[in-house]
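Using the numbering used here, the first residue of the sequence shown is number 145, and each one after it goes up by one.
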Amino acid sequence: MIERGNAIPSVGIKLVTASGTTETTSLEAFGTGVVVLFSVPGAFTPTCHVNHLPGFLANAGKLKAAGVDKIVCASVNDQHVMKAWAEASEALDSIDFLADGNAELAEALGLARDFAPYGMGTRYARAALILRVGVVSDIFVEDGPGVNASGAPAILMALEAANA
């Protein structure tokens, strides 16, 4: 699994933003500034849709005030599903969405998990990373169900501690 001090691997991704969908690499998308990248098992899934994404949406202004340049939600869904989720959540003005349909970045980060018992195949672990110029400064991976370590409040606390 990726660790503090590791550079983000360069993997092909589709990035859904307010201006559309672009094919790029994770390094190009997250290699500058301060980026909060949080990963969810699936778009529209109950915990992801009701707890994880809304926390980042509600705290987007506070995250930006704490020095975050970009907030990105990653999932192993295609770009069409990610765009639909972003639009349904009214999040595109605050959060970019990473479509990792083949779980290539999830695998490269060591955050791929087997959700086959739930009929979902390979998915992201619920996690969040703080990247500074493409290097992991903090990583938070949930060790159980729910949103605790990887939620927006935990990320805000980490940013405030780093900026103190």
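Virtual Cβ for every residue (Gly too), placed ideally from N, Cα, C. These numbers come from a predicted model, not from an experiment.
| Query | Result |
| --- | --- |
| Using beta-carbon positions only, say whether Cys217 and Phe241 come within less than 7 Å of one another. | yes |
| If you reduce the DSSP assignment to three classes, tell me which class Glu286 lands in. | coil |
| Looking only at C-alpha atoms, which of Glu248, Arg270, Ser281, Trp229 sits nearest to Ile157? | Glu248 |
| Count the other CB atoms within 10 Å of the CB of His224; is the residue buried (16 or more) or exposed (fewer)? | exposed |
| In the DSSP assignment, find the alpha helix (DSSP H) that holds Phe200 and state where it starts and stops. | 197-202 |
| Tell me the DSSP secondary structure of Leu255 in three-state form. | coil |
| Residues bridged to Phe182 by DSSP? | Cys217, Ala272 |
| Taking only three categories from DSSP, how would you classify Ala243? | strand |
| Tell me whether Ser238 sits in a helix, a strand or coil according to DSSP, three-state version. | coil |
| Are the segment 182-200 and the segment 148-168 in contact at 8 Å, needing three or more beta carbon pairs? | no |
| What does the Cβ neighbour count give for Tyr262, buried or exposed, with the cut at 16 atoms within 10 Å? | exposed |
| Can the beta-carbon of Asp282 be found closer than 7 Å to that of Ala302? | yes |
| Just mark Asp244 as buried or exposed, buried being the case when its beta carbon has 16 or more other beta carbons within 10 Å. | buried |
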